[in-house]
Amino acid sequence: MTGFGKVLMLAGIVLFVLGVLLQFTKLGRLPGDIVIKKENATFYFPIVTSIVASIVLSLIFYVIGKWR
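Encoded structure:
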């Protein structure tokens with residue numbers, strides 16, 4: 001298996017795990033996420049969720065980089 005194939009498989013696993021976490025936890029609705037509800041429109045900006053996801057992914061890629 002090529003190096004690109006391994007990275008692609010790892011990315012798929014990471015996306016699957018994140019999807020499961022978002023489905024069954026409150027990870028997508030953390031305190032600090034911006035939600036503005038008007039009469040017939042809702043604006044949702046998950047700023048805190050984005051920061052947490054960025055930190056987690058950075059740690060994962062750091063560990064993978066050190067492991068290789």
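Numbers 1 to 68, taken from this note's numbering, label the letters of the sequence shown in order. Ideal placement from N, C-alpha and C gives every residue a C-beta, glycine not left out. All values derive from a computational prediction rather than experimental measurement.
Per DSSP, K6 is one residue of the alpha helix (DSSP H) stretching across G3 to F24. Between the region 18 to 32 and the region 41 to 52 there are three or more C-beta pairs closer than 8 Å, enough to call the two in contact. In this structure I60 is not in contact with V20, their Cβ atoms being roughly 15 Å apart against a cut-off of 8 Å. DSSP links V48 through a beta bridge to no other residue. Under DSSP, F43 shares a beta bridge with I36.
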